[in-house]
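**Student:**
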Amino acid sequence: MNVPMPVQATAACAAITATRLREAAQAQIVRSFRAHLGGAPQPSDEQLILFARLAVSEMRLQRRLLASASAVPQDADTALVWER
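For the sequence shown, the numbering used here assigns the number 1027 to the initial residue and increments by one for each residue that follows.
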């Protein structure tokens, strides 16, 4: 099954965006925990739930990206496109 390159590009972009969002949420939680050690409130349940949802979404998108990549025959031209 050949998957068109725009679909793979969209999947890759979505996976990268999901990773960035998860990393931002994670950094916010780390800052909250550090502040909590100094007496500030701990991270909220909403922050933790959002992080968990973002992490799950990121994993799903990465699996889809890997599945779409494995559906494409890996010839020399395709390998070059993936490296760019």
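The C-beta atom is built at its ideal place from N, Cα and C for all residues, glycine as well. These numbers come from a predicted model, not from an experiment.
Taking only three categories from DSSP, how would you classify Pro1032?
**Tutor:** In the structure shown, Pro1032 sits in a helix (DSSP, three-state: H, G or I).
**Student:** Could you spell out where the alpha helix (DSSP H) holding Ser1070 opens and where it closes?
**Tutor:** Ser1070 -> no alpha helix (DSSP H), and no H or E assigned at all.
**Student:** Nearest CA to the CA of Ile1055: which residue from Ala1038, Ser1096, Gln1068?
**Tutor:** Gln1068
**Student:** Whose C-alpha, out of Ala1037, Thr1036, Thr1043, is nearest the C-alpha of Leu1080?
**Tutor:** The candidate whose alpha carbon is nearest that of Leu1080 is Thr1043.
**Student:** With 16 as the cutoff for other CB atoms within 10 Å, does Glu1084 come out buried or exposed?
**Tutor:** buried
**Student:** Determine the DSSP secondary structure at Ala1061, reduced to helix, strand or coil.
**Tutor:** helix
**Student:** Do Gln1088 and Ala1051 have their C-beta atoms closer together than 8 angstroms?
**Tutor:** no
**Student:** Going straight from the alpha carbon of Ala1037 to that of Glu1072, what length do you get?
**Tutor:** 27 angstroms
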